[in-house]
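Sequence lines, in order, name chains A and B.
Quick note, the first sequence lines up with residues 557 to 1170 if you use our numbering.
Quick note, the second sequence lines up with residues 4 to 346 if you use our numbering.
Note that beta-carbon positions come from the ideal geometry of N, C-alpha and C, so glycine has one too.
On a predicted model such as this, the values are computed, not experimentally measured, just so you know.
Taking it in order: structure first as structure tokens, then the write-up.
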Amino acid sequence: MEPKMDSVVIRFSGDSGDGMQLTGTQFSATSAVMGNDIATFPDYPSEIRAPSGTIAGVSGFQIQFGASEVDTPGDEPDVLVAMNAAALKANLAAVRKGGTLVLNVDAFSEKDLEKAGYDKCPIATQELNQYKVIEASITSQTMEALKDVDIPPKSKARCKNFYALGITYFMFGRDLEPTKKWLRMNFAKKPLVVEANVKALEAGFHFMETLENPVSTYKIAKAKIKPGTYRQINGNQGTAWGLMAAAEKAKLPLFCGSYPITPATDILQELAKFKHFGVKTYQAEDEIAGICSSIGASFAGNLATTTTSGPGLALKSEAIGLAVIMELPLVIVNVQRGGPSTGLPTKTEQSDLMQALWGRNGECPAIVVAASRPNDCFYMAYEAARLSLKHMTPVILLTDGYIANGMEPFRIPKMADMAAVENRLVDADNEDELKKFMPYARDSETLARPWAIPGMKGFEHRVGGLEKKNLTGAVCHDPFNHQEMSILRESKVEKVANFIPEQKLEGEDSGDVLVVSWGGTYGSTHKAVKRMRKAGKKVSLMHLKYINPMPRNVGDIIKRFKTVLVCELNLGQMKNLLNMRYQCGAKGLNKIQGLPFKVAEITAAVDRELENLN
Amino acid sequence: MSAENNIPEYSKKDFVSDQEVRWCPGCGDYAILAAIQNVMPQIGKKKEDIVFVSGIGCSSRFPYYMNTFGMHTIHGRAAAISSGVKCANPDLSVWVMTGDGDSLAIGGNHYIHTLRRNLDLNIVLFNNEIYGLTKGQYSPTSQPGAMTKTSPYGSIERPFSAASLSIGAQGTFFARTVYTDLKHMQACFKAAAEHKGTAVVEVLQNCVIFNDGCFQQFVSPAEREDNLIRIEHGKPMIFGKNNEFGIVLDGIRPKVVKIGEDGITEKDLLVHDSKAKESTLAFFLSQMTRPEFPLPIGIFRDVDSAVYDEELIKQMNQVTEQKGVGSMDALLSSGDTWTIEAE
């Protein structure tokens, strides 16, 4: 009988040119269609093609799929597919003891071993005796299977990732049809490519069927998932679509001025596809021109956005100040990566929080929000646009490399159900509105100023980076006016707290340890707290998505716990912020390795705090 | 109202804002402001469809004095901000008011890329060869040896020619004018407004405080005709108080000649062609400087090329025609989806 498992973690690993990202994407797509919940995590080097066969060139894609809610791509792989010796060397330590290794023995030659840094072949040595090893001649068997297909040998060799995919499909009883359908759809004009990949996929599947010592196969039941229609989405796509959805709801054109930067480039690329949605993308000459063109578009009445990562945010800081003092709507997306400087461009981190809050000259408040998981990028991008347009001030949306590239099922919303997106455009045809128009007159509830744009007759006015006189917006160096305007800009952002949801808590509303997290770590902290609560521990989770301003009840929540433990992928930025705002003596669990949290790292840290309390 | 396209009959005063103009007495900027305000009623645009954008520097105060939409932004970025304005609404007439420091130093990257893209913008480059607002440091156009606060022993830097830089960056329109010649200035601004694509008008402008007299040889009635050459499309290159000098081509180099000497007649002179597709002629005009040559003023280059904002709209229309107007509900449900039924 097939053993049943609740969830399985599988990692595909090979050279960065081996197609591991595609293999992983196909596995997750098939699993999602088969009713499993999934979460994925691509992990690739910053070099496009590092020397082949070396550790530096290893690219990976990890998927967790399961019969119940899957919150993270998993701590430890149960199965590792290693396309060469370097992939085994780079990943073995991460694999669960007792897990399965699928090794492409064709890529364990002396030369391969040397490049990977092995003295001798690890297969059939002590080193691997705690694992189940499946030796497969993936490269040569792929060539053999494709011997009758009329494509060059180089193209045949490229199909080996689908042979490996076939092996895993057999192990986990995956349906081959969704992948075949995908191939037919995407290579409609290249039937030989379809044929070759289908043959490789089937060959891998059949290889497993005919193994002399059959390996275990596993059955993963369908997950209990909220009814609805789903699709897959990664965080960057979610961000792009969320902005587009907000523009459609607001009935405004979307403008994105950006400069390519890892790992944010996908958002610009995604938006560039949608000219028929009225989306204008402008690939600027640098980060500064990216945000500046967006400020120009905002002045002219577009929903404007600029997308970047940490180093780009640094370059944009002066212009953010301009948008703050001109009080124009603007969404700045920062897909965080390892820093400082160029840092770890392809790795994840949460170390731009302070930069987002305060990395500008002068008193320069911005609304700051953070997305919690890949599909939440859609909602938080939408929310960032909603807040920016309603409150006439820039919003910084923080995501990170982990959720930007991570893929998961996304329950498709209906536009009719999405929150209204209001804006402050004046009614140019209303004479009363023209008579009372002053560029810096304010809405009494939000303190937002009106938005009059070029083309509106009679509303001609000037704005700029010099301090503005309250109401008229004329240049003004009066000391008391500057204080008043500084306070007004600050209050305007503080008042946003009246227009965002109250902070939710997972777990009891008082207890021993309050785990606090923010942004892209939600999957790990949610899973860890759920696990600990099941074990009867008095632990709750407060996961923050609204960072400036924070929901009004955050201070009350914090007071009701004996210990506050802030888990974040930096050296304690949110912890410091909470201690500054609420004097709560929060402690930190800080990881800064370019990698997401493992659930076990969080439970261990919480356990230590619980012990300290006893 | 003019019957044709509902443009009201404006006069200069329609473009004068309520703000008190605060440049130093005697500053060349006053003349530029007057010239622009004179030209605005002639460009065929409604007042509400005109936007002035500036960066930082003395010249960048300009938008406050224009009764149009305006933005006084940050140092060097006016071209980038204007590009966004123009993309968002290509119907607008967008004017970038900038200086030699603003556009050729801190904003150099935006300047060259704006020219490369050829957005339909007008850039008025106030060149006084000095940083005025920060009180007298050398700029990227200061002459070698210029004694300024940051070059007390004379500048050792090679200056940019705004003309060479603009033409080298594939600019489709470049004109040079002087702040003392209102008529010439206005003609250049009007031609810039009529040009489709990025139009640069460099105005040689005197800073009375920190670089007074730097263009004296080009503005004083006694000297200027010997030191300037007024170039006009289709006209021979003649200059001098009595129109006695001209420019001929000697091999691939320009040369100053005296008409009547060595059998030279007007027919031998080089004829200016601002519409020439290749930029060779415009470029060598841009390299003509004192004392070897007179300094050219007028329109160096005025050619048609693909205009970014027009291409943008054209492409959006093409894609929309092919794919239909997009809808988020349809996009969200496109591609591979699956449905989980209620149990």
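Query: Residue-chain proximity (B:Asp312, chain A), Cβ-Cβ < 7 angstroms; Result: no
Query: B:Ser142 beta carbon less than 7 angstroms from that of B:Gly111; Result: no
Query: Neighbour-count burial assignment, A:Asn640, 16 or more Cβ in a 10 Å radius; Result: buried
Query: B:His75 versus B:Val97: straight-line alpha-carbon distance, rounded; Result: 13 angstroms
Query: Beta carbon proximity, A:Asn1054 to chain B, threshold 7 angstroms; Result: no
Query: Residue environment, B:Gly338, which counts as buried when at least 16 other CB atoms sit within 10 Å; Result: exposed
Query: Helix, strand or coil at B:Lys326 according to DSSP, with G and I counted as helix; Result: helix
Query: For A:Val705 and A:Asn1104, the rounded distance between their alpha carbons; Result: 59 angstroms
Query: Beta carbon proximity, A:Phe855 to chain B, threshold 7 angstroms; Result: yes
Query: From A:Glu939, A:Val750, A:His1017, residue whose alpha carbon lies closest to that of A:Ala803; Result: A:Glu939
Query: Within-7 angstroms CB hit, A:Met971 to chain B; Result: yes
Query: Reduced DSSP secondary structure (H/G/I, E/B, other) of A:Gly570; Result: strand
Query: Residues of its chain near A:Glu978, where Cβ-Cβ distance is below 6 angstroms and the 5 sequence neighbours each way are ignored; Result: Lys946
Query: N-terminal and C-terminal residue of the beta strand (DSSP E) that A:Val750 is part of; Result: Note, A:Val750: premise wrong, no beta strand (DSSP E); alpha helix (DSSP H) at 747 to 765.
Query: Sequence-distant residues of the same chain with beta carbon closer than 6 angstroms to B:Leu136, five excluded per side; Result: Gly60, Cys61
Query: Within 7 angstroms, strictly: CB atoms of A:Val564 and A:Asp627; Result: no
Query: Interface flag, A:Ile551 vs chain B, CB-CB below 7 angstroms; Result: No statement about residue 551 of chain A is possible, as the shown extent of chain A runs from 557 to 1170 and does not include it.
Query: Per DSSP, the bridge partner or partners of B:Ala304; Result: One detail in the question is off: residue 304 of chain B reads as Arg in this sequence, not Ala. Bridge partners of B:Arg304: B:Phe177.
Query: Test: A:Ser849 CB closer than 7 angstroms to a CB of chain B; Result: yes
Query: Opposing strand residues paired with A:Gln892 [DSSP bridges]; Result: A:Asp956
Query: A:Gln839 in three-state terms, based on DSSP; Result: strand
Query: Buried/exposed call for B:Thr1, threshold 16 Cβ in 10 Å; Result: Within the shown structure, residues of chain B are numbered from 4 to 346, placing residue 1 of chain B beyond reach of any answer.
Query: Pair within 7 angstroms by beta-carbon distance, A:Ala777 and A:Tyr719; Result: no
Query: Given A:Lys805 as reference, the closest of A:Arg730, A:Ala941, A:Pro607, A:Ser696 once Cα atoms are compared; Result: A:Ala941
Query: Short CB-CB distance (under 7 angstroms) between A:Gly798 and chain B; Result: no
Query: Burial state of A:Ser711 (16 or more Cβ within 10 Å); Result: exposed
Query: Cβ of B:Leu124 within 7 angstroms of any chain A Cβ; Result: no
Query: Outcome for A:Arg740 when other beta-carbon atoms lying within 10 angstroms are tallied against a minimum of 16; Result: exposed
Query: Three-state secondary structure (DSSP) of A:Lys992; Result: helix
Query: With 16 other Cβ atoms within 10 Å as the buried cut-off, status of B:Glu344; Result: exposed
Query: First and last residue of the uninterrupted beta strand (DSSP E) at A:Lys1143; Result: 1143 to 1146
Query: Neighbour flag for A:Leu886 against chain B, beta carbons, 7 angstroms; Result: no
Query: Three-state secondary structure (DSSP) of A:Asp1188; Result: Because chain A here runs from 557 to 1170, residue 1188 of chain A falls outside it and cannot be looked at.
Query: Chain A contact for B:Tyr67 (CB, 7 angstroms cutoff); Result: yes
Query: Residue closest to A:Pro816, alpha-carbon to alpha-carbon, out of A:Pro1107, A:Glu765, A:Glu841, A:Val835; Result: A:Glu841
Query: C-alpha gap between A:Glu670 and A:Cys677, whole angstroms; Result: 10 angstroms
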